[in-house]
Structure formats: C-alpha cells, structure tokens
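For reference, the structure discussed in these notes is given below.
Residue numbers (the numbering used here): 17 to 77.
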C-alpha cells in the first residue's frame, strides 16, 4: 500500500461524505426548513409592514 492507494481511498471517502450531505440537504424531512429559508427575504417585508401598521394605530390612539 503506497501513497496513491491512500489518495484513492481518501477521494472515495470524500465523495461519500459529499453525497451524504447532498442527500441530507434534499431529503423530504428537510422540505419544511428549506421552504422557510427560501421565504426569509420576504418575511422582512411582512415584519416592516406590520411594524408600520402598529405605529399608525398607536399614533391614532
């Protein structure tokens, strides 16, 4: 067993880890978390709108 065998084993292990991460990230049980993360940029707009509405109602009182 020389250095080239170790490099080959290392390459296979890294490939398996990469494929495992990809499988985990796109698995069905991550769908909800992925959908929430995809909508994060739009949530800021909703928070700003609610804050403005709250400020308007406080000023009227």
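Every residue gets a Cβ at the ideal spot worked out from N, C-alpha and C, and that includes glycine.
CB contact below 8 Å: residue i versus chain C
i          : result
residue 56 : Protein chains in the displayed structure number just one, and chain C is not present.
CA-to-CA distance, residue j to residue i, given in whole angstroms
i          : j          : result
residue 53 : residue 66 : 20 Å
residue 62 : residue 23 : 51 Å
residue 17 : residue 25 : 11 Å
residue 58 : residue 19 : 51 Å
residue 40 : residue 56 : 21 Å
residue 44 : residue 31 : 22 Å
residue 38 : residue 29 : 14 Å
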